[in-house]
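Novice:
Number of protein chains: 2
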Amino acid sequence: MPTIYQVAERAGVSLSTVSRVLNGKASVNKVLKERVDKAVKELNYRPNSVARSLANSRTDSIGVLVPELNAPFFGDLMQAVESTLRAADKHVIISVGQNCVETEKDAVEFLISRNCDALIMHAEALSDEYLLELNQSKLPVALVNRQVEGLPEACTSLDNEKGGYLATRHLLELGHKDIAYISGPKDKSDASLRLQGHKRALSEAGLPVDPQLIFNGDYSEEDGKVGLLELMARDIPFTALVCANDWMASGALSCARDLGMSLPQDLSIVGFDDVVFAHHVFPRLTTVSNPIAEMAEMSAKYILNKVYGQANEVQHYFEPSLVVRESTVKHEG
Amino acid sequence: MPTIYQVAERAGVSLSTVSRVLNGKASVNKVLKERVDKAVKELNYRPNSVARSLANSRTDSIGVLVPELNAPFFGDLMQAVESTLRAADKHVIISVGQNCVETEKDAVEFLISRNCDALIMHAEALSDEYLLELNQSKLPVALVNRQVEGLPEACTSLDNEKGGYLATRHLLELGHKDIAYISGPKDKSDASLRLQGHKRALSEAGLPVDPQLIFNGDYSEEDGKVGLLELMARDIPFTALVCANDWMASGALSCARDLGMSLPQDLSIVGFDDVVFAHHVFPRLTTVSNPIAEMAEMSAKYILNKVYGQANEVQHYFEPSLVVRESTVKHEG
DNA sequence: AAACGACTAGAAAGCGCTTTCTAAATATTA
DNA sequence: TAATATTTAGAAAGCGCTTTCTAGTCGTTT
Chain A
1029 MPTIYQVAER
1039 AGVSLSTVSR
1049 VLNGKASVNK
1059 VLKERVDKAV
1069 KELNYRPNSV
1079 ARSLANSRTD
1089 SIGVLVPELN
1099 APFFGDLMQA
1109 VESTLRAADK
1119 HVIISVGQNC
1129 VETEKDAVEF
1139 LISRNCDALI
1149 MHAEALSDEY
1159 LLELNQSKLP
1169 VALVNRQVEG
1179 LPEACTSLDN
1189 EKGGYLATRH
1199 LLELGHKDIA
1209 YISGPKDKSD
1219 ASLRLQGHKR
1229 ALSEAGLPVD
1239 PQLIFNGDYS
1249 EEDGKVGLLE
1259 LMARDIPFTA
1269 LVCANDWMAS
1279 GALSCARDLG
1289 MSLPQDLSIV
1299 GFDDVVFAHH
1309 VFPRLTTVSN
1319 PIAEMAEMSA
1329 KYILNKVYGQ
1339 ANEVQHYFEP
1349 SLVVRESTVK
1359 HEG
Chain B
1029 MPTIYQVAER
1039 AGVSLSTVSR
1049 VLNGKASVNK
1059 VLKERVDKAV
1069 KELNYRPNSV
1079 ARSLANSRTD
1089 SIGVLVPELN
1099 APFFGDLMQA
1109 VESTLRAADK
1119 HVIISVGQNC
1129 VETEKDAVEF
1139 LISRNCDALI
1149 MHAEALSDEY
1159 LLELNQSKLP
1169 VALVNRQVEG
1179 LPEACTSLDN
1189 EKGGYLATRH
1199 LLELGHKDIA
1209 YISGPKDKSD
1219 ASLRLQGHKR
1229 ALSEAGLPVD
1239 PQLIFNGDYS
1249 EEDGKVGLLE
1259 LMARDIPFTA
1269 LVCANDWMAS
1279 GALSCARDLG
1289 MSLPQDLSIV
1299 GFDDVVFAHH
1309 VFPRLTTVSN
1319 PIAEMAEMSA
1329 KYILNKVYGQ
1339 ANEVQHYFEP
1349 SLVVRESTVK
1359 HEG
C-alpha cells in the first residue's frame, strides 16, 4: 500500500501539498495539482482512513443500535440508514441491543470505544436521562421512532396516537361496535399512545371503553394468540380486534383460524406497522403503516447535518396511514 | 478523554509500561501493574482504538457484504455474524451489494478503504475469479452460502441438491406424481443444484422429467405468481409444486388462492429456505430449511481463526432438512 | 523602483498508541 | 565474589495522515 509520502515523492512535491490536493481545502498550483493527481492514479493510492482519523479525530463512522437484526422492521431501518450514510461516504457499525438495558448500554459503550462520530439508535430499553446525558457528554445521538424529552431535534417519531385512532375508526366505519384491543407493553410510550388513539376513536363514536376488551400483550406473536384466547374467555362478544403490532395480529389471526373461525367474516383484525409479512398472512392484513424507513433516513440525514455540516432538510414527525387489505370486513347487523 | 500518557503520569510509570499491562503481553512488576490498573480506573481510561489501529495496522473490524438488509434471510445472517463477532470484541461494518456486480465491487472497495481486517460476504454477483484474487492480494475473505473453486476453507455452503431432492421426495411420498417446479435463475449455482435434486428425486421414483412442468423464475415473489400462471396455461395437469425459494412459494400460494383453488387440497406447495414468514402464510408453508444463521456463524468463526488466531471448530458443509407444515397434503388418486 | 501585502509550498509537530532497542536491576552460575 | 544470563522498565521511533507555522514568490501600490 502506497503512502502519502510516496505520492509526494513521485509528484516531486511535499506531502503537505499532496494532503492539500487530496482534501481540496487550500488552493494549490494547478501544475502541482496535476502532478499529484497523476501520481495518485499511477500508484493507485488510497488514503489510509485510520491515519486520517487519528489526525483529525473523526472516523466517518456511525454506530447504529437496534434491538435485533432478524426482524423485518429493523431490516427496513438498517437498509435506509446504510444507503443514506454510504452515499455520504460514511460507514455504519452495527450493534444489537436485544431490548435489554444492560445489553444496550454495553452496545453503546462498544460503539463509543470504536470512536464513532455519532450514534443512531432505536433504543427501547434505555432511559431518557441516559440518552440525554449521552448526547451531551459523549457524542451526538439520533433517536429513531422515539421521542425524548429535551431532545426534540434528535428524534424522529410517529404519531402513534393517530395510528391507533385510524385503526379503530376504520373498524367503526365498517360498522363494528364491539372492538377488542391487544396492546403492547404499557411502559412503552408507543404502545400506550396507540391504545390512547383507540380509546379516542371509541369515545368520538360515543362508544364506551370496556377494559374487559383490552388485553396487555408484549408485542410478541405468541401474545397475539394468548390475548385472543384470553379475550374470548372473558365472554364479552366482539366482532373486531385491533392489535398494537403486526406480530400480535399474525398470532391472533392464525389462532382464530385454528379455532375454526372463518376470517374475516367472523372476526375483523387490524395490525400495526405494515411489516413485510403483513401481506403474506391470510387474509392479507389490514394494518397501519409505519414509515420506519423514512424515519431512519431522516435520522441519518440529521446526523449528516449535525456532525458533517450537511444541510439536508429533515422531518421529525411522521404520520401513519391506514393500509386496507383483506382482514377487515363490514359488520352486518 | 484521557490518553495513555496521563495514565502513565498518574501511575508514575512510563507509557510503555502502561501499554504492556493493557495488552498483557509482556510481564510487568506486580506493584507497577496495580498502580496502572488503579490509574486506569480512576481516570476511566479507554484506549483510543484508532491510534491503536494505526500502530499495529489492525482495525478489529470486519466488513460484511449482503445483497440487501431488509429481507429476513439476510437479517438472520447479519444477526449471527454480529453476535459471534462482537463476542470476540470485533466490530462489523455493513455494506449492501444489491445483487449487482458494480455495486458489489463498489461495496468491497468501500470496505477495503475502511481498512477492514477481513470480509464476510454473501456475494451473488461477483465472479469466482474476483473473489479469489481479492482473497489473495488484499484481505482474507469468507463466503457465506457459496462455493468458490479454489477457496474451500473460506466457504460455507449448503447441499442444495439434497434440498431440492428432499422437497420433491416429500411430495412423491405423499403420492404426487405430477409435480411442477419453479426454479431460480439458472446461472446461480444454488438454483441449478436445487433443480438437479428435484430431477434426481423424480428419476429415482421412475418418473420422467417433463420440461413443460418447469418454469424459470428469478426468486422474486412476483415470479412465483407468474410461474404458476404460466405453468397452468401450459395445460399439463399437476397436483404439486416445488418452488426454489419461499418468496416464490408465497407468490404462487396467494396466486392459487386468488384463483379460487382451495389449498392444500387442490395443490401442494413446497418452498425453500424457511424464512420467517414461511409459517405466516396460509396454509403454513412446508419448506426446506436453510441453516443460514449457522453458516454465517461459521464464516465468522473462520475469520476469527484465520485473522485473529482463534481456534474454533468450523464446519463448511451444511445439510438442509425438510420442515413439514400444512401446505402439502396426501394426493388421493 | 522600493515597500508592502496576498498567496502558496514546505518543514515540522502532533494525533495516541505499539514495539524495538537499550540499559538497569535482579537472578544464576562457577 | 565476580562474571554471566535473565528480567523488566524506559526512551524513542514509527504508524500515515492533518495542520500550523514559517519562508519564499509573486503581484500590487505609491
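Protein chains in written order, with my numbering: chain A, 1029 to 1361; chain B, 1029 to 1361. Just so it is clear, CB atoms sit at the ideal spot from N, CA and C, and this is done for glycine as well.
If you measure between the beta carbons of A1389 of chain A and A1108 of chain A, is that distance less than 8 Å?
Specialist: Nothing in the structure corresponds to residue 1389 of chain A, since chain A is present only between 1029 and 1361.
Novice: By the criterion of Cβ-Cβ separation under 7 Å, what are the contact partners of E1096 of chain A in chain B?
Specialist: Translated into positions along the first sequence, residue 1096 of chain A becomes position 68. Ordered by position in chain B, the residues that pass the 7 Å Cβ test against E1096 of chain A are Q1107.
Novice: With a threshold of 8 Å between beta carbons, is G1103 of chain A in contact with chain B?
Specialist: As a working mapping, residue 1103 of chain A is identified with position 75 in the first sequence. Closer than 8 Å to some Cβ of chain B, the Cβ of G1103 of chain A qualifies, so yes.
Novice: Kindly indicate which three-state DSSP category A1282 of chain A falls into: helix, strand or coil?
Specialist: For the purposes of this step, residue 1282 of chain A is taken as the residue at position 254 of the first sequence. Note that residue 1282 of chain A is Ser in the sequence shown, not Ala. Three-state DSSP puts S1282 of chain A in a helix.
Novice: Check the Cβ-Cβ distances between P1100 of chain A and every residue of chain B, and say whether any is below 8 Å.
Specialist: Working through the first sequence from its first residue, we reach residue 1100 of chain A at position 72. Closer than 8 Å to some Cβ of chain B, the Cβ of P1100 of chain A qualifies, so yes.
Novice: Pull the bridge partners of H1119 of chain A from the DSSP assignment, please.
Specialist: Translated into positions along the first sequence, residue 1119 of chain A becomes position 91. Paired residue(s): A:S1089.
Novice: For V1298 of chain A, tell me which candidate among A:S1355, A:Y1345, A:P1239 has the shortest Cα-Cα distance.
Specialist: Residue numbering aside, residue 1298 of chain A sits at position 270 when the first sequence is read from its first letter. Of the candidates A:S1355, A:Y1345, A:P1239, the one whose C-alpha sits nearest the C-alpha of V1298 of chain A is A:S1355.
Novice: Measuring alpha carbon to alpha carbon, tell me which of B:N1076, B:A1036, B:A1079 ends up nearest V1068 of chain B.
Specialist: In the second sequence, counting from the first residue as 1, residue 1068 of chain B sits at position 40. Per the Cα distances, B:A1036.
Novice: I want to see whether chain A comes within less than 8 Å of N1087 of chain B, judged by CB atoms only; does it?
Specialist: In the second sequence, residue 1087 of chain B corresponds to position 59, counting from 1. It should be pointed out that residue 1087 of chain B corresponds to Thr in this sequence rather than to Asn. It does: the Cβ of T1087 of chain B has a partner Cβ on chain A nearer than 8 Å.
Novice: List the residues of chain A that S1077 of chain B touches, going by C-beta distances under 8 Å, in chain order.
Specialist: For this step, residue 1077 of chain B is matched to residue 49 along the second sequence. Those are S1141, R1142, N1143, listed as they occur along chain A.
Novice: DSSP state of D1251 of chain B, grouped into three classes?
Specialist: One-based indexing of the second sequence puts residue 1251 of chain B at position 223. It is helical.
Novice: What three-state label does DSSP hand A1146 of chain B in the structure shown?
Specialist: Numbered from 1 along the second sequence, position 118 holds the residue referred to as residue 1146 of chain B. Of the three classes helix, strand and coil, the one that applies to A1146 of chain B here is strand, per DSSP.
Novice: Does chain A have any CB closer than 8 Å to the CB of I1122 of chain B?
Specialist: Taking the first residue of the second sequence as 1, we reach residue 1122 of chain B at position 94. Chain A contact via Cβ: present.
Novice: Assuming G1191 of chain B and P1348 of chain B are in contact, meaning their beta carbons sit under 8 Å apart, how far apart are those beta carbons, in whole angstroms?
Specialist: Position 163 of the second sequence, counted from the start, is the residue given in the question as residue 1191 of chain B. Position 320 of the second sequence, counted from the start, is the residue given in the question as residue 1348 of chain B. Correct: roughly 4 Å between the Cβ atoms.
Novice: Going straight from the alpha carbon of N1143 of chain B to that of C1283 of chain A, what length do you get?
Specialist: The residue you call residue 1143 of chain B lines up with position 115 of the second sequence. The residue you call residue 1283 of chain A lines up with position 255 of the first sequence. Cα-Cα distance, rounded: 50 Å.
Novice: Does E1249 of chain A pass the burial test, meaning 16 or more other C-beta atoms within 10 Å, or should it be called exposed?
Specialist: The sequence position of residue 1249 of chain A within the first sequence is 221, counting from 1. Answer is buried; the Cβ neighbour count reaches 16.
Novice: How many angstroms separate the CA atom of V1041 of chain B from the CA atom of L1060 of chain B?
Specialist: Counted from its first residue, the second sequence places residue 1041 of chain B at position 13. Counted from its first residue, the second sequence places residue 1060 of chain B at position 32. If I take the Cα positions, the gap works out to 7 Å.
Novice: With 8 Å as the threshold, decide whether the Cβ of L1082 of chain B is near any Cβ in chain A.
Specialist: As a first step, residue 1082 of chain B must be located in the second sequence, where it is residue number 54. Yes, because at least one Cβ of chain A sits closer than 8 Å to the Cβ of L1082 of chain B.
Novice: Please report whether the beta-carbon of R1174 of chain A lies at a distance below 8 Å from any beta-carbon of chain B.
Specialist: Along the first sequence, read from residue 1 onward, the residue named residue 1174 of chain A stands at position 146. It does not: the Cβ of R1174 of chain A has no partner Cβ on chain B nearer than 8 Å.
Novice: Going by C-alpha to C-alpha distance, which of B:A1039, B:V1172, B:L1071, B:D1206 sits closest to D1218 of chain B?
Specialist: The residue labelled residue 1218 of chain B in the question sits at position 190 within the second sequence. Selected option, being the one with the closest Cα: B:V1172.
Novice: Under a Cβ-count criterion, where at least 16 other Cβ atoms within 10 Å of its own Cβ denotes burial, should M1029 of chain A be classed as buried or exposed?
Specialist: As a working mapping, residue 1029 of chain A is identified with position 1 in the first sequence. Its Cβ having fewer than 16 others within 10 Å, M1029 of chain A is exposed.
Novice: What is the rounded straight-line gap between the Cα of L1043 of chain B and the Cα of N1072 of chain B?
Specialist: In the second sequence, counting from the first residue as 1, residue 1043 of chain B sits at position 15. In the second sequence, counting from the first residue as 1, residue 1072 of chain B sits at position 44. The alpha-carbon atoms of L1043 of chain B and N1072 of chain B are separated by roughly 16 Å.
Novice: Give me the residue from B:N1051, B:H1119, B:V1357, B:V1049 with the minimum Cα distance to K1205 of chain B.
Specialist: Reading the second sequence from its first residue, position 177 is the one you call residue 1205 of chain B. If we check each option's Cα against that of K1205 of chain B, B:V1357 comes out closest.
Novice: Give a yes or no on whether the minimum CB-CB distance between S1278 of chain B and chain A is below 8 Å.
Specialist: The residue given as residue 1278 of chain B occupies position 250 in the second sequence. True, the Cβ-Cβ gap to chain A drops below 8 Å.
Novice: Specify, as a first and last residue, the run of the beta strand (DSSP E) that T1045 of chain A falls within.
Specialist: As a working note, residue 1045 of chain A is residue 17 in the first sequence. It is not in any beta strand (DSSP E) - T1045 of chain A instead sits in the alpha helix (DSSP H) that spans 1043-1051.
Novice: Got a sec: is the Cβ-Cβ distance from L1150 of chain B to anything in chain A below 8 Å?
Specialist: As a first step, residue 1150 of chain B is located in the second sequence; it is residue number 122 there, counting from the start. One detail in the question is off: residue 1150 of chain B reads as His in this sequence, not Leu. Cβ-Cβ to chain A under 8 Å: no for H1150 of chain B.
Novice: Give the range of the alpha helix (DSSP H) segment to which N1084 of chain B is assigned.
Specialist: Within the second sequence, the letter at position 56 stands for residue 1084 of chain B. Here the alpha helix (DSSP H) through N1084 of chain B covers 1077-1084.
Novice: For chain B, is any of its Cβ atoms less than 8 Å away from the one on H1119 of chain A?
Specialist: Residue numbering aside, residue 1119 of chain A sits at position 91 when the first sequence is read from its first letter. It does: the Cβ of H1119 of chain A has a partner Cβ on chain B nearer than 8 Å.
Novice: Sorted by chain position, which residues of the same chain lie with C-beta nearer than 7 Å to Q1034 of chain A's C-beta, five sequence neighbours on each side aside?
Specialist: As a first step, residue 1034 of chain A is located in the first sequence; it is residue number 6 there, counting from the start. Only L1071 meet the Cβ criterion.
Novice: Does the region 1208-1224 of chain B come within contact of the region 1264-1282 of chain B, defined as at least 3 CB pairs closer than 8 Å?
Specialist: Contact between the region 1208-1224 of chain B and the region 1264-1282 of chain B is present, because at least three Cβ pairs lie under 8 Å.
Novice: Closer than 8 Å is the cut-off here; do at least three beta carbon pairs connect the region 1311-1328 of chain B with the region 1337-1348 of chain B?
Specialist: Yes: at least three Cβ pairs fall under 8 Å.
Novice: Below 8 Å between beta carbons is the criterion; list the residues of the region 1289-1306 of chain B that meet it against any residue of chain A, in chain order.
Specialist: Under the 8 Å Cβ criterion, the region 1289-1306 of chain B contributes V1304, F1305.
Novice: Curious, which full-length alpha helix (DSSP H) runs of at least 4 residues does the region 1273-1348 of chain B contain?
Specialist: The qualifying runs are 1274-1286, 1320-1336.
Novice: In the DSSP assignment, find the alpha helix (DSSP H) that holds S1220 of chain B and state where it starts and stops.
Specialist: Numbered from 1 along the second sequence, position 192 holds the residue referred to as residue 1220 of chain B. It spans 1217-1232 - the alpha helix (DSSP H) in which S1220 of chain B sits, taken as one unbroken run.
Novice: Near H1119 of chain A, what residues of its chain come up, given a Cβ to Cβ distance below 8 Å and the 5 sequence neighbours on each side ignored?
Specialist: Within the first sequence, numbered from 1, the residue matching residue 1119 of chain A stands at position 91. Within the same chain, H1119 of chain A has close Cβ partners D1088, S1089, I1090, L1113.
Novice: Roughly how many whole angstroms lie between the Cα atoms of L1147 of chain B and G1288 of chain B?
Specialist: As a working note, residue 1147 of chain B is residue 119 in the second sequence. As a working note, residue 1288 of chain B is residue 260 in the second sequence. In a straight line, the C-alpha of L1147 of chain B is about 48 Å away from that of G1288 of chain B.
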